[in-house]
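FYI, the numbering for the sequence shown is 244 to 580, going by the working numbering. Where is the CB? At the ideal position from N, CA and C, for every residue including glycine.
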Amino acid sequence: MENIDWGSLGFGYYKTDYNVRCYYRNGKWGELEVSSSEEITMHMAATVLHYGQAAFEGMKAFRGVDGKVRMFRPYENARRMISSAQGVMMAEPPEELFVEACKKVVKLNERFIPPYGSGASLYLRPILVGTGAQVGVHPAKEYLFMVFACPVGPYFKAGFKPVKFQIAKDYDRAAPFGTGKYKVGGNYAASLVSGERAVKEGYSNCIYLNAATHEFIDEAGAANFFGIKDNTYVTPKSTSILPSITNMSLCQIAEDLGLKVERRPIPVEELSTFEEVAACGTAAVVSPINEIVDRESGKTYKWGAEPGPVSTKLYHTLKGIQDGTIEDKHGWNVFVE
Ligand SMILES: *Cc1c(COP(=O)(O)O)cnc(C)c1O
Numbered sequence: 244m245e246n247i248d249w250g251s252l253g254f255g256y257y258k259t260d261y262n263v264r265c266y267y268r269n270g271k272w273g274e275l276e277v278s279s280s281e282e283i284t285m286h287m288a289a290t291v292l293h294y295g296q297a298a299f300e301g302m303k304a305f306r307g308v309d310g311k312v313r314m315f316r317p318y319e320n321a322r323r324m325i326s327s328a329q330g331v332m333m334a335e336p337p338e339e340l341f342v343e344a345c346k347k348v349v350k351l352n353e354r355f356i357p358p359y360g361s362g363a364s365l366y367l368r369p370i371l372v373g374t375g376a377q378v379g380v381h382p383a384k385e386y387l388f389m390v391f392a393c394p395v396g397p398y399f400k401a402g403f404k405p406v407k408f409q410i411a412k413d414y415d416r417a418a419p420f421g422t423g424k425y426k427v428g429g430n431y432a433a434s435l436v437s438g439e440r441a442v443k444e445g446y447s448n449c450i451y452l453n454a455a456t457h458e459f460i461d462e463a464g465a466a467n468f469f470g471i472k473d474n475t476y477v478t479p480k481s482t483s484i485l486p487s488i489t490n491m492s493l494c495q496i497a498e499d500l501g502l503k504v505e506r507r508p509i510p511v512e513e514l515s516t517f518e519e520v521a522a523c524g525t526a527a528v529v530s531p532i533n534e535i536v537d538r539e540s541g542k543t544y545k546w547g548a549e550p551g552p553v554s555t556k557l558y559h560t561l562k563g564i565q566d567g568t569i570e571d572k573h574g575w576n577v578f579v580e
């Protein structure tokens, strides 16, 4: 195993040994290729460079308590990448190709998989981009699908500690019937100005509201949002949020733990009635929120300085399933042998 101080890893790029690549040309996908280069070459008129034909995924592989390596729900990521590909008219990498590429990149970079108990994991970043040349606004005829891996520590430096978010109504992440439900590059470009401003002003990120009326909560930065009250897990229903696999899993875990689950629009004012609120996603897992400030009005919503009991239980259950310490009764883990 690599001699890395796993405990001090951040969430960022880290060079590993190999990545895998697959090209779509002449109407079909080629063979998976292994590369040790960190670079890709492409035509200067590639559609990804002009028209944003780009999608990505994010998932993690863990070394469990039993020493086995598990990927968490990679078929869900495969399906979501297919949906993203359809959303911006790209060739779709078949589910099996997607999962095989992920397994391969995990195996090839085995020495970078953090040990059980370190809090770190191997983050996989599949990407799909239009590489074919176009000058008019049309989809490319050629695509590159690739997967690289980086060992990462926890997303939020503070660890499982509450963070603060800011409501910003002067920026929107995604239009009601736009591309918000796809994991495509343009959404993230569109969120950088407001996101970096929130960071500069002392917050973890922005809470984005529904763009049409700014009445309802959409997302918490690049993570989904949930609130807990009256033994109920409440998470937004909206056409412009990214369907988080972590959130989908937490809904199931909440149900398993005897909570009710509601997917419905959440008005901003309802924040004051939640016992706990949190952001969730692969990178952050569960990030409890202890303060949300409306940047415009200054109205502030506050929760406890320590994570609430339900968020804590949800977090430990999900982590336990990923680590192999809690029974994976829904068959979410895919082993890499
Ligand atoms: C990736 C992402 C999430 C989290 O999805 P997971 O599948 O849980 O990792 C949530 N919101 C946005 C905008 C995202 O890009």
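Give a single yes or no on whether residue i has its beta carbon closer than 6 Å to a heavy atom of ligand 1.
i    : result
G524 : yes
N448 : no
T426 : For clarity, residue 426 is Lys in the given sequence; the question names Thr instead. Result yes, Cβ under 6 Å from ligand 1.
T489 : yes
N576 : no
A297 : no
A411 : no
A433 : no
A581 : Limits of the chain in this structure are 244 at one end and 580 at the other, which puts residue 581 out of reach.
A454 : no
L485 : yes
A465 : yes
Could you check how far apart the C-beta atoms of residue i and residue j are, in whole angstroms? I think they sit under 8 Å.
i    : j    : result
V348 : A392 : 5 Å
Q495 : H559 : With 8 Å as the limit, Q495 and H559 do not qualify as a contact, their Cβ atoms being about 15 Å apart.
I450 : P479 : In fact, because the Cβ distance is near 10 Å, the residues do not count as touching under 8 Å.
Y446 : F408 : 6 Å
I484 : R316 : Actually they are not in contact, since the Cβ atoms of I484 and R316 sit about 18 Å apart, beyond 8 Å.
V342 : Y318 : 6 Å
P394 : Y257 : 6 Å
E276 : V263 : 7 Å
R354 : E338 : Incorrect: roughly 28 Å between the Cβ atoms, too far for contact.
Short check: CB of residue i to CB of residue j, under 7 Å?
i    : j    : result
N430 : A441 : no
I471 : E512 : no
F305 : D571 : no
A466 : A527 : yes
T482 : E505 : no
E300 : M332 : no
A383 : P419 : no
N352 : T284 : no
V308 : V579 : no
L514 : L557 : no
A344 : V380 : no
S364 : K443 : no
To the nearest angstrom, report how far apart residue i and residue j are at their CA atoms.
i    : j    : result
G421 : T290 : 19 Å
W546 : E534 : 6 Å
V582 : T568 : Since the first and last residues shown for the chain are 244 and 580, residue 582 lies out of range.
G362 : G250 : 7 Å
I532 : F403 : 10 Å
Y386 : I460 : 35 Å
S530 : A521 : 5 Å
Y366 : E439 : 23 Å
V378 : V372 : 16 Å
E549 : T525 : 21 Å
G396 : L561 : 17 Å
K424 : N576 : 24 Å
E335 : Q329 : 7 Å
M287 : I564 : 44 Å
N448 : L435 : 10 Å
A432 : S327 : 16 Å
P369 : G255 : 15 Å
K346 : G273 : 18 Å
S554 : A497 : 10 Å
C523 : N490 : 6 Å
S280 : C265 : 14 Å
N453 : N246 : 46 Å
Shorter than 6 Å, the distance from the beta carbon of residue i to the closest heavy atom of ligand 2, or not?
i    : result
T568 : Ligand 2 is not among the ligands present in this structure, which contains only ligand 1.
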